[in-house]
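Top line first, the protein sequences correspond to chains Z and L. Mapping to UniProt numbering: the first sequence position 101 is 101, numbers consecutive. Mapping to UniProt numbering: the second sequence position 216 is 216, numbers consecutive. One structure is given below, encoded as structure tokens.
Number of protein chains: 2
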Amino acid sequence: MSENASTIAELLQNNADNLTRAERQLSQSILVNYPVSGLGSITAVAKSAGVSTPTVARLVKKIGFSGFPEFQAALRNEVEATISDPIAKHDTWAGQAPDEHIVNKFTEAVIENIRHSLGQLDIATFDKTCELLADTSRSVFVVGGRITRSLADYFFLHMQVLRKDVTHIQAISNAWPHYLLDIKKNDVIVIFDVRRYETSTLRLAEMAAEAGAKIILFTDQWHSPIAKLADHTFSLKIVVPSAWDSSVTMMLLVETIIADVQTRTWPETRQRMEELEVMFDRTKFFRKFT
Amino acid sequence: MSENASTIAELLQNNADNLTRAERQLSQSILVNYPVSGLGSITAVAKSAGVSTPTVARLVKKIGFSGFPEFQAALRNEVEATISDPIAKHDTWAGQAPDEHIVNKFTEAVIENIRHSLGQLDIATFDKTCELLADTSRSVFVVGGRITRSLADYFFLHMQVLRKDVTHIQAISNAWPHYLLDIKKNDVIVIFDVRRYETSTLRLAEMAAEAGAKIILFTDQWHSPIAKLADHTFSLKIVVPSAWDSSVTMMLLVETIIADVQTRTWPETRQRMEELEVMFDRTKFFRKFT
DNA sequence: TCTTTTCTGAAATCTTTTCTTCATATTCAT
DNA sequence: ATGAATATGAAGAAAAGATTTCAGAAAAGA
């Protein structure tokens, strides 16, 4: 029996010589479909090995656990280690800084947010959203909340270049009714709403829904109440080691959507961009770029 | 949303809109470390999600299982399938979409940007920047360009809560001279400038430098001409498969800086946030969030 | 604001699992 | 073959887990 076994499989193999007939039978059974076969109840494990439950209990004690639950917990950890992505962890992002530096911890959290959010992303929702936004027969309205207004603005800024009929509904809720007058059936309204969800944004969504607009919602994992009204919802993980939530994932998705819409509207967009270029030249707004 | 869910993850996502607050919290908890996190006892699952066991029982019934054991058995099958299939997932970001889908290509590019930018990041620059921004004896001015104005706004929004004396210099360049009157020696000016570099932003930087302000610059890998004037420069990679540049890396860095400044100014910030909280309560601006 | 509805978790109850005991079966040495 | 030592599983006790009930809390509606 060797001292330092890091897996249960090793533990079983190391003890192979001390096992009785029934125990060996059980051990083999566990190893055959390792480690998943040990995940059921003690009864199930015993049954699938063709031995009695006391045999299972005795074996796990023999190899060093206090009881079946402890054995199973160890097994679960192994499963977890097997499943979790090996390249995900232990990447230090800012090589100069130690792992515990905020830059590395924060980035790690953001990457995890991206991984998790995109893992859940429904691709049909994405495609349908881009299709709606690329349809120039529909007007597009963009609205954000207290914090997300920057994102809404960023999105608006790009969409405005890509296509016509894009409006940014600004924060002051008193002005909303005026915008609402313009929202027609089948127009598209893009709403950013993360916790803490704002009452006024919900009201706006309700009115837009009544007007027959298609609602596209960007929200967090806890879902804004607008989700019930939305045609397409993107739910993103936004948790970082900070008193604030992170908007990085949302911005990534926004940019991706912009890129996709652009390819869809390219003929029109190309022309718009060229015109814009001419105007920039005239106003000498930018420095010559080499 | 698709009807026939083949995994519990899909089942949870499909039902996302029908879930209550606690259920959603639980659902997220299960998905975070999916599928291993659902493998413990109902008590363990509930505890790790921070909800009660009845909530777990209710959720699994809601998504179509007869009870927790049945749910768990299904989960075990998935684990088994995942383990026995070595080339499982995690190669692509949005598992549902093919590698060549824009979501995966774009994300891949963004991650590469982050990796590259942070690899180059000088940690002393980062620390010094945060120190400057946390120093409330200095006023802080924030300015962005045509596209980066959203980022400047985002940064301003947070800094404004963290500390006093923060000003967002808005886009209209005619108004800039007025702001400049207020910039004193040793004040801090945070400038966002990516290609195409704007002439007016450069002029502003020059004037700020003359006034003796500390200049912090966020720019791209090709360096804005302002870099010559800046005390601290962050150069970030912003290339993505799109006609546009990506601001994701910049936003990540901005958020990280906000998080770090916050820990430095916490005593003051805490009070400011509490006061803000009271004001929100009074105005009922937000919905109650638990 | 007040009422109604919905949600949530503490506690009680019921179920299953795990562990222990012990009688019987098996093996091994002589 | 016989007895001693060991192994094994049936059965029941103990523990843990799962489910249900219900009252208080939160949200929605009026």
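We put the CB at the ideal spot given by N, CA and C, even for glycine. Keep in mind it's a predicted model, so treat the numbers as computed, not measured.
Asked	Found
Any C-beta of chain L under 7 angstroms from that of LEU204(Z)	no
Closest Cα partner of LEU59(Z) within the set THR125(Z), GLU80(Z), GLU23(Z), LEU39(Z)	GLU23(Z)
Alpha carbon of ALA211(L) to alpha carbon of ILE183(L), nearest angstrom	7 angstroms
The stretch 248-259 of chain Z contacting the stretch 154-167 of chain Z, beta-carbon criterion three pairs below 8 angstroms	yes
Closer than 7 angstroms to chain L by CB, GLU78(Z)	no
Coil, strand or helix - ALA88(Z) by DSSP	Confidence is the limiting factor: at ALA88(Z) the pLDDT is only 43, short of 50, which leaves the residue's position unreliable, though a coordinate-based value still follows. The answer is coil: DSSP assigns ALA88(Z) none of H, G, I, E or B.
Close Cβ partners of LYS89(Z) (< 8 angstroms) along its chain, the five nearest in sequence each way excluded	Bear in mind that the predicted position of LYS89(Z) carries a pLDDT of just 44, short of 50, making it unreliable; the figure below should be weighed with that in mind. Closer than 8 angstroms at the Cβ level, and outside the excluded window around LYS89(Z), lies no residue.
Local Cβ density within 10 Å of LEU11(Z), reported as buried at 16 or more and exposed below that	buried
Cα-Cα separation between GLU274(L) and ALA73(L), rounded to whole angstroms	47 angstroms
From ARG196(Z), ASP99(Z), PHE106(Z), residue whose alpha carbon lies closest to that of SER242(Z)	PHE106(Z)
Cβ-based burial, ARG203(L) [other Cβ within 10 Å; buried from 16]	exposed
VAL278(L) burial status per 10 Å Cβ neighbour count (16 or more: buried)	exposed
CB-CB length for VAL140(L) against VAL110(L), believed under 8 angstroms	Wrong, their Cβ atoms sit about 28 angstroms apart, outside the cutoff.
Short CB-CB distance (under 7 angstroms) between LYS89(Z) and chain L	With a pLDDT of 44 at LYS89(Z), under the threshold of 50, the modelled position of that residue is not reliable, and the figure given next carries that caveat. So no, LYS89(Z) is outside the interface.
3 or more residues per run - each beta strand (DSSP E) lying fully within the stretch 139-208 of chain L	140-143, 166-169, 188-193
DSSP three-state assignment for LEU19(L), whether helix, strand or coil	coil
Within 7 angstroms, strictly: CB atoms of VAL36(Z) and GLU78(L)	no
At least 3 beta-carbon pairs within less than 8 angstroms: the stretch 94-103 of chain L vs the stretch 132-150 of chain L	no
The stretch 185-194 of chain Z / the stretch 212-224 of chain Z touching (three or more Cβ pairs under 8 angstroms)	yes
PHE71(Z), DSSP secondary structure in three states	helix
7 angstroms Cβ cutoff, ILE123(L) in contact with chain Z	yes
8 angstroms CB neighbourhood of THR290(L) in its chain, flanking five on each side removed	Low per-residue confidence applies at THR290(L): pLDDT is 34, beneath 50, and the placement is therefore not dependable, though the value from the model is reported in the following sentence. Once the five neighbours on either side are set aside, the close Cβ partners of THR290(L) are ARG21.
Simplified DSSP assignment, three categories, for HIS232(Z)	strand
Cβ-based burial, ILE87(Z) [other Cβ within 10 Å; buried from 16]	Note on ILE87(Z): pLDDT 43, under 50, position unreliable in the model; the coordinate value appears next. That one is exposed.
First and last residue of the uninterrupted beta strand (DSSP E) at LYS61(L)	LYS61(L) -> not in any beta strand (DSSP E); alpha helix (DSSP H) instead, spanning 53-62.
Classification of GLU3(L) by the beta-carbon crowding that lies within 10 angstroms, buried from 16 upward	Bear in mind that the predicted position of GLU3(L) carries a pLDDT of just 46, short of 50, making it too unreliable to give a figure here.
Same chain, Cβ closer than 6 angstroms to PHE71(Z), neighbours up to 5 away in sequence not counted	VAL60, PHE65
Environment of HIS149(L) [buried if 16+ CB atoms lie within 10 Å]	The sequence given here has Arg at residue 149(L), not His. By the 10 Å Cβ count, ARG149(L) comes out buried.
Under the three-state DSSP convention, the category LYS105(L) falls into	helix
Minimum Cβ-Cβ distance from VAL166(L) to chain Z less than 7 angstroms	no
Residues from the stretch 57-82 of chain L in contact with chain Z, defined by Cβ distance under 7 angstroms	ARG76, VAL79, GLU80, THR82
Reference ALA16(L); option with closest CA among VAL142(Z), PRO225(Z), LEU252(Z)	PRO225(Z)
Three-way DSSP call (helix, strand, coil) for THR265(Z) in this model	coil
Proximal residues of chain L, C-beta to C-beta of GLY119(Z) below 9 angstroms	ALA9, LEU31, TYR34, LYS89, HIS90, TRP93, ALA94, GLY95, GLN96
Where SER247(Z) meets chain L, residues with beta-carbon distance less than 9 angstroms	TYR154, MET251, GLU255
Helix, strand or coil at ASP260(Z) [DSSP, three-state]	helix
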